[in-house]
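Numbering (our numbering), first residue to last: 5 to 177. All residues carry an ideal CB built from backbone N, CA and C; glycine is no exception. Predicted model only: the values in this text are computed from it and were never measured. Written out below as structure tokens is the structure these notes cover.
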């Protein structure tokens, strides 16, 4: 007797939404506190949130599938989780930047420029970087970058996490 394998969609959507909410809470904390901090610290926190969402989704899928999950299913779950999370958090950022507090963009740019100044860039280069960032920090570009970044981050994380968490069904059961 063969059991029907569960769909990845309900679990992926659930954990994508949960991960998106975690990204929103982290973004909200960052926006309100004005503590944009170190780029690498923010990247590590974002990666940790993504890993947690993907691992929880894969774990639940395996629970509903008698402990089994193929590499391909895991890859699909992770990508869907991160794309959904990125869309949700990207829409939040769009709304926040466009309507709630447009000045947050200037604060983010100044924090980035201050960090670059610490690397010893001269004033002319800092001004060029400031201008380039101002062009790239529009609400729509932020939304687009969030979704594309989420897709790539989901792919990279899922490639690794799926390899660790996969457990194929035995051929003859």
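> Would you say residue 40 and residue 102 are within 8 angstroms of each other, going by their C-beta atoms?
Replying inline: no
> Does DSSP put residue 111 in a helix, in a strand, or in coil?
Replying inline: Under the three-state reduction of DSSP output, residue 111 falls in the helix class.
> In whole angstroms, what separates the C-alpha of residue 157 from that of residue 171?
Replying inline: 23 angstroms
>> Closer than 8 angstroms is the cut-off here; do at least three beta carbon pairs connect the region 76 to 96 with the region 12 to 28?
In response: yes
> Exposed or buried, which one is residue 31 when buried takes at least 16 other CB atoms within 10 Å?
Replying inline: buried
>> Once the 5 residues before and after residue 124 are set aside, which same chain residues still bring their CB inside 8 angstroms of it?
In response: Same-chain partners within the cutoff: there are none.
> What is the DSSP secondary structure of residue 171, counted as helix, strand or coil?
Replying inline: strand
> How should residue 86 be labelled, buried or exposed, when 16 other C-beta atoms within 10 angstroms of its C-beta is the threshold for buried?
Replying inline: buried
>> Could you tell me the alpha carbon to alpha carbon distance between residue 58 and residue 19, rounded to whole angstroms?
In response: 7 angstroms
>> Let me check understanding here. Comparing Cα to Cα, which of 42, 117, 48 and 56 lies closest to residue 16?
In response: 56
> For residue 161, which of helix, strand or coil comes out of DSSP?
Replying inline: helix
> DSSP puts residue 73 in a beta bridge; with which residues?
Replying inline: 171
> When you compare only the Cα positions, how much space is there between residue 176 and residue 160?
Replying inline: 32 angstroms
>> Quick check on DSSP: helix, strand or coil for residue 124?
In response: coil
> Alpha carbon to alpha carbon, what distance is there between residue 33 and residue 117?
Replying inline: 21 angstroms
> At a cut of 8 angstroms, does the region 38 to 52 reach the region 64 to 82 through at least three beta carbon pairs?
Replying inline: no
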